[in-house]
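No gaps in the numbering here: position 99 of the sequence shown is 90 in my numbering, and each next residue is one more.
Glycine included, every Cβ here is placed at the ideal spot set by N, Cα and C.
All values derive from a computational prediction rather than experimental measurement.
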Amino acid sequence: MQRSAEEIKALDRRHVLHPNVVLADHARGLPMPIMVEGQGAVLRDIDGKEYIDAIGALWLANIGYGRKELAEVARRQMEKLSFWSLFWGYGNVPAVELAARLAEIAPPGLSHVFFTSGGSEANETSIKIARLYHVRRGEPSRRHIIGLARAYHGVSYGAMTATGLETVRQNYEPYVGAFDHIPSAYCYRCPLGKAYPACGVACAGELERKILDLGPQNVAAFIAEPIHGVGGVITPPPEYFPRIREICDRYGVLFIADEVICGFGRTGTWFGIEHWGVVPDLISAAKGLSSGYLPIGATLVHDRVYEALGQPEGPGAYFNHGFTYSGHPVAAAVALENIRILAEERLGERAVEMGRYLTERLRRAENPYIGDIRGKGLMLGVELVADPATGEMPADPNVGRYAEARCREHGVIVRALAPGNIIALSPPLVVTREQVDRIVEVLDEAVRYVF
Ligand code: PLP
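Here's what the structure looks like:
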């Protein structure tokens, strides 16, 4: 017996504990669409309503929905070998192939891959490997991880504590370990009260100050998203990461790039950090790695870090870390096929082209409440303000949330980011010009309506 849409919605309210939701709203039955189908950039919900997905679900549906090639690869792999782990030195073929492919597309030197089930686990892994690196090199006091104030790195304890956003961390103290934060490179509202370029990128200098405050002998790593996602699509200026790299090198601190959103074509390149011409020591990846078809993440490890992990040789160098699903063969096979499609269809280039088009269309709308449009490729943020000339915050910062709700009514899914006035746009990279036109038309109307 098939359940009706109304029955499914009632069961959802009764039994499903949703992530990131006001529980009372959900229980009261505020409209929260239940999706049933997707094709390209278009979704259909259980009531038959269609939406253009302007956020790629959670910044991840890079190749778009409904690609049969991935379903076919998953089916074949499940029939052949549904699961075998990489623990204790065993292997499986898709994990090997995927690791080798990632090493090919990664910045030079990042040729060792540890698999996870998602982004938080990838960051946990990067953080643990950074600490282990220093333990192996005889500097076990290097425990501190420095992150950015507007960073989002996930919700497991280490990743959450590395996260700077208070909305994510609140209620869960005491935190684990030694984590510190410095201001983000948020030029539109500089937390240091300066203006670019006269500032000399003083926000990068904050890293050096923090390392010196803590004592370099106590600092393991600096972690940053090349472009903050959840923190507001904040895009640092060109000098930022080269300065960060220099400072890390000066003090023996590892640099972890959290590429969970920025990777796999979303910003136009395989990895977001490539825009700054910098090579990190560790990369955390997930999301676009499989375009969300199956859960998988990875930590990419630079050769020089990897070499230290195995020292000194002998039983002491046992690598005591691993998740049951590290290197799941079906997820790995699907990710490999996803990467093939991204490369063959040049979706990174398409992200650049469509990102430019989307930005241009937004500018042409001359919306009087859009203060800043920023980002790279199809990872864009639109900051809503009371007055673009001054950047004054809206009287009610929740305007973005109201605009999000109105867009949804009109069949376009966007997302408002904290504090509520920043709209994220990250559609599938296969989004069409007509769909972009519609996204802009609906968003422009919604913003004017809510102000
Ligand atoms: N890092 C970044 C930059 C993210 O945006 C996210 C999720 O949005 C994560 C890590 C956490 O990934 P996951 O939710 O797969 O654990």
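**Prompt:** Can you tell me the Cα-Cα spacing of Thr195 and Glu230, whole angstroms?
**Reply:** A small fix is needed here, since residue 195 is Ala in this sequence, not Thr. Cα to Cα, the separation comes out at about 9 angstroms.
**Prompt:** Glu237 to Leu49, Cα distance in whole Å?
**Reply:** C-alpha separation (whole angstroms): 33 angstroms.
**Message:** For a quick check, are the C-beta atoms of Gly100 and Asp249 less than 7 angstroms apart?
**Reply:** Result no, Cβ atoms of Gly100 and Asp249 do not sit closer than 7 angstroms.
**Request:** With a threshold of 6 angstroms, establish whether the CB of Asn376 neighbours any heavy atom of the ligand PLP.
**Result:** The amino acid occupying residue 376 in the given sequence is Val; Asn does not appear at that position. Not one heavy atom of the ligand PLP sits closer than 6 angstroms to the Cβ of Val376.
**Request:** Helix, strand or coil for His144, going by three-state DSSP, please let me know.
**Result:** Under the three-state reduction of DSSP, His144 is assigned to coil, being neither helix nor strand.
**Item:** Assigned secondary structure, Thr107 (DSSP; H/G/I helix, E/B strand, else coil)
**Value:** Thr107: strand per DSSP, three-state reduction.
**Message:** Taking 8 angstroms as the cut-off, does the stretch 289 to 307 touch the stretch 341 to 352 (at least 3 CB pairs, one atom from each stretch)?
**Reply:** At 8 angstroms Cβ cutoff, the stretches do not touch.
**Item:** CA-to-CA distance, Thr290 to Leu273, given in whole angstroms
**Value:** Rounded to whole angstroms, the gap between the alpha carbons of Leu273 and Thr290 is 7 angstroms.
**Item:** CA-to-CA distance, Ala153 to Glu130, given in whole angstroms
**Value:** The straight-line gap from Cα to Cα measures roughly 21 angstroms.
**Request:** In angstroms with no decimal places, state the Cα-to-Cα distance between Ser282 and Ala326.
**Result:** Cα-Cα distance, rounded: 8 angstroms.
**Item:** Contacts around Ala45, its chain only, beta-carbon distance under 7 angstroms, and the 5 residues preceding and following it disregarded
**Value:** Only Val403, Ile404, Val405, Leu416, Pro418, Ile430 meet the Cβ criterion.
**Message:** Using C-beta distances below 8 angstroms, list every residue in its chain close to Tyr183, excluding the 5 sequence neighbours before and after it, in chain order.
**Reply:** According to the sequence displayed, residue 183 carries Leu and not Tyr. Pro174, Cys190, Ala193, Cys194, Glu197, listed in sequence order.
**Item:** Reference Val244; option with closest CA among Gly206, Glu436, Leu434
**Value:** By alpha-carbon distance to Val244, the top candidate from Gly206, Glu436, Leu434 is Gly206.
**Asked** Comparing the CB of Ser175 with every heavy atom of the ligand PLP, is any distance shorter than 6 angstroms?
**Response** No; taking the cut-off as 6 angstroms, the Cβ of Ser175 has no heavy atom of the ligand PLP nearer than that.
**Request:** Out of Asn389, Trp267, Leu420, state which residue places its alpha-carbon closest to the alpha-carbon of Ile414.
**Result:** Nearest C-alpha to Ile414: Asn389.
**Message:** By the three-class DSSP mapping on this structure, what secondary structure does Gly288 have?
**Reply:** Annotated three-state conformation of Gly288 is strand, per DSSP.
**Message:** For the structure I just gave you, are there three or more beta carbon pairs, one from the stretch 305 to 316 and one from the stretch 88 to 99, closer than 8 angstroms?
**Reply:** The stretch 88 to 99 and the stretch 305 to 316 do not touch, with fewer than three beta-carbon pairs separated by less than 8 angstroms.
**Asked** Taking the alpha carbon of Ala65 as the point to measure from, which residue in Val421, Glu328, Ala377, Val343 has its own alpha carbon closest?
**Response** Taking only the C-alpha atoms, the option nearest Ala65 is Glu328.
**Item:** Neighbour-count burial assignment, Pro188, 16 or more Cβ in a 10 Å radius
**Value:** Under this definition Pro188 is an exposed residue.
**Asked** Just reading off the alpha helix (DSSP H) that Ile430 is part of, what are its end residues?
**Response** Ile430 -> alpha helix (DSSP H) spans 424 to 441.
**Request:** Mind reading off the beta-carbon distance from Ala277 to Ala86? Whole number of angstroms is fine, and I expect it under 8 angstroms.
**Result:** Contact between Ala277 and Ala86 is ruled out by a C-beta separation of about 15 angstroms, above the 8 angstroms threshold.
**Message:** Any heavy atom of the ligand PLP closer than 6 angstroms to the beta-carbon of Glu216?
**Reply:** In this structure, the C-beta of Glu216 approaches the ligand PLP to less than 6 angstroms from one of its heavy atoms.
**Message:** So, does the stretch 377 to 392 touch the stretch 23 to 35, judging by three or more C-beta pairs under 8 angstroms?
**Reply:** Look at the beta carbons and you see the stretch 377 to 392 not touching the stretch 23 to 35: under three pairs across the two are nearer than 8 angstroms.
**Prompt:** Quick one: Cα of Gly254 to Cα of Pro217, how far?
**Reply:** Within the model, the alpha-carbon separation for Gly254 versus Pro217 is close to 10 angstroms.
**Prompt:** Is DSSP giving Ser275 helix, strand or coil here?
**Reply:** Assigned with DSSP and collapsed to three states, Ser275 falls in strand.
**Message:** So, at 6 angstroms on beta carbons, what are the nonlocal neighbours of Phe262 in its own chain, with the 5 sequence-adjacent residues on each side left out?
**Reply:** If we look at Phe262 and ignore the five residues flanking it on each side, its Cβ neighbours are Glu250, Gly254.
**Request:** Put Tyr360 into one of helix, strand or coil per three-state DSSP.
**Result:** Coil at Tyr360, not helix or strand.
**Asked** For Ile330 versus Ile54, is the C-beta spacing smaller than 7 angstroms?
**Response** Not closer than 7 angstroms, so no.
**Request:** Quick one: using the 10 Å Cβ neighbour count with 16 as the cut-off for buried, is Arg133 buried or exposed?
**Result:** Under this definition Arg133 is a buried residue.
**Asked** Does the stretch 121 to 130 touch the stretch 139 to 153, meaning 3 or more C-beta pairs lie closer than 8 angstroms?
**Response** Contact fails between the stretch 139 to 153 and the stretch 121 to 130, because fewer than three Cβ pairs, one in each stretch, are under 8 angstroms apart.
**Asked** Exposed or buried, which one is Val167 when buried takes at least 16 other CB atoms within 10 Å?
**Response** So Val167 counts as exposed.
**Asked** What does a CB cutoff of less than 8 angstroms around Pro385 pick up in its chain, not counting 5 residues either side in sequence?
**Response** Taking Pro385 as the centre and dropping the five residues before and after it, the same chain places the C-beta of Tyr360, Leu375, Val376, Ala377, Asn412, Phe442 closer than 8 angstroms to its C-beta, in chain order.
**Contact set for Gly110: own chain, Cβ-Cβ below 6 angstroms, skip 5 residues either direction** = Excluding sequence positions up to five before and after Gly110, its CB lies within less than 6 angstroms of the CB of Gly145, Val251, Ala277, Gly288, all in the same chain and listed in chain order.
**Prompt:** Hey, would you say the C-beta of His9 is under 6 angstroms away from at least one heavy atom of the ligand PLP?
**Reply:** No, the ligand PLP has no heavy atom inside 6 angstroms of this Cβ.
**Request:** Label Phe213 either buried or exposed according to how many other C-beta atoms from any shown protein chain fall within 10 Å of its C-beta, with 16 as the threshold for buried.
**Result:** It counts as buried.
**Prompt:** Hey, how far is the Cα of Gly155 from the Cα of His172?
**Reply:** Rounded to whole angstroms, Gly155 to His172 spans 7 angstroms at the Cα level.
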